[in-house]
Amino acid sequence: EVLIYIGLYMVFYGIIYALLENDMRRLIAYSIVNQVGFMLVAIGVGTELALNGAAAHAFAHIIYKGLLIMSAGSVLMMTGKRKCTDLGGLFQTMPVTMITCVVGALTVLAFPFTSGFATKSLETSAVAYEGLAWVWFLLLAGSVGGILHGGLKLPWFVFFHKDSGLRPSDPAPHMQYAMWFFAALCIVLGIYPEVLYNMLPYPVDYQPYTVSHLVTQLQILFFAALAFFICLPLMSQTLTISLDLDWVYRRLFKFIGREFTLKSNVIGHKTEMKIRGRIDRVIERMHENHGPEGFLGRSWPSGSMVLWVAVLLACSLSLHYL
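In terms of my numbering, the sequence shown opens at residue -18 and continues consecutively.
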């Protein structure tokens, strides 16, 4: 059950930060957090339908989120820009990237006849069947938030917002083929969900395309889009920096590294001074013994030298014959 609460936290955590974000790639990353939250809630519910929904959503999510990442990557490669404030009006010269991005965004919206609709409805229906009305309502609100950031904000501000004056072309053909392929998968799995349902861990007795499901989802999409465009002047992107939890450990590690460097320098300096002091003392003692005034450096009379030689010779002979 704890996964339900963690999943709901992730759903709204991703929504809030994605709505505040100005960077395309970070926006998509927060959208991933939001979508994984839905999966965790389904796993927390734990019924066969919920687990099927989590597995199906995970599979479809990789495809449509990969499509959005490829679209954003194409824009970044062709323009060299990743901030929404620096983009806009790219639909004029990047039609393929725009179309595939819109398909991915519609799938995030869980638009009918896309894989997002066929998989997310499994999760929300499983929650409703278990009588978890408050969880179902929060997931519904989370779906609206997902529509605002992943489904509308990204394609609108990158391709349809005020003209940025950039005129890049679509990326290389092989990159376009990859985006077309993923876009086709999003639509095919939405039109023929049985292809995906047959691969799920439990038998699926579920029909996503009922009148109630379609009407409910279209109402959500309509009013979410209406709210988006009404609030569009308030959502104009500004140059901001969104501080997330990574700021804590980045600042902490930077502080630890700086303090470690300072302490290491102090310890190293003290150690160096001690070593130099000992070396200086050794040199002084060597100078005392071997310098011009030292014991071993003084001049000795010839008679003294002869005496010492005789003494050493006598000692040597004594040791030899004993």
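Think of the CB as a built atom: it goes at the ideal place given N, C-alpha and C, for glycine as much as any other residue.
Boundaries (first-last residue) of the alpha helix (DSSP H) holding Y(-2): -17 to 1
Can the beta-carbon of L170 be found closer than 7 Å to that of S96? yes
I'd like to confirm something about L(-16): is its beta-carbon nearer than 6 Å to some heavy atom of the ligand NAP, or not? Among the components of this structure there are no ligands whatsoever, and the ligand NAP is therefore not found.
Count the C-beta pairs between the region 108 to 121 and the region 21 to 38 that are closer than 8 Å, then say yes if the count reaches three, no if not. yes
Classify S193 as buried or exposed, calling it buried when 16 or more other Cβ atoms lie within 10 Å of its own Cβ. exposed
Run through DSSP, which three-state label would K46 get? helix
Please tell me whether L61 and D144 are closer than 7 Å, where the distance is taken between their beta carbons. One point to set straight first is that residue 61 is Gly, not Leu, in the sequence displayed. Cβ distance not < 7 Å, so G61 and D144 don't count as in contact.
DSSP-derived helix/strand/coil call for D67: helix
Give the secondary structure of D186 by DSSP, where H, G and I count as helix, E and B as strand, and everything else as coil. coil
By a C-beta neighbour count over all protein chains shown, 10 Å radius and 16 as the cutoff for buried, is L181 buried or exposed? buried
Measure the CB-CB distance between P174 and A91 and report whether it falls below 7 Å. no
Residue environment, G238, which counts as buried when at least 16 other CB atoms sit within 10 Å: exposed
Would you call the CB atoms of N33 and L147 closer than 7 Å? no
Does DSSP put D261 in a helix, a strand or coil? helix
Contacting residues, own chain, Cβ-Cβ under 7 Å from E2 (five flanking each side not counted): L8, Y11, S223
With DSSP collapsed to three states, give me the class of D227. helix
Which whole-angstrom value is the C-beta distance of P136 and A205, which I expect to be below 8 Å? With 8 Å as the limit, P136 and A205 do not qualify as a contact, their Cβ atoms being about 14 Å apart.
Which residue or residues does DSSP assign as beta-bridge partners of D4? K64
8 Å contact criterion, which L119 and L(-16) should meet: CB distance rounded: The Cβ separation is near 14 Å, so there is no contact.
Would you identify the three-state DSSP class for C296, choosing helix, strand or coil? helix
Quick check: H130 and A39, are their CB atoms within less than 7 Å of each other? no
Taking Cβ positions, are T78 and S106 nearer each other than 7 Å? no
Return helix, strand or coil for H309, following the three-state DSSP convention. Outside the shown range of the chain (-18 to 303) lies residue 309, about which nothing can therefore be said.
With burial defined as no fewer than 16 other Cβ atoms inside 10 Å of the residue's Cβ, what is the status of L133: buried or exposed? buried
Who are the Cβ neighbours of E(-18) in its own chain at under 7 Å, not counting the five residues just before and after it? G25
T105 by DSSP, collapsed to three states: which one? helix
From the beta carbon of H268, is the nearest beta carbon of chain D less than 7 Å away? Annotation note: the requested chain D is absent from the structure, which comprises a single protein chain.
Looking at the structure shown, is P136 part of a helix, part of a strand, or coil, going by DSSP? helix
When the Cα atoms are used, what is the spatial distance from G258 to I264? 10 Å
To the nearest angstrom, how far is it from the Cα of G123 to the Cα of F234? 34 Å
Does DSSP classify F163 as helix, strand or coil? helix
Just to confirm my understanding: we take L121, look at its own chain, exclude 5 residues before and 5 after, and list those with CB closer than 8 Å. What are they? T105, I201
Within the same chain, show all residues whose beta-carbon is closer than 7 Å to that of A153, passing over the 5 residues directly before and after it, in chain order. none
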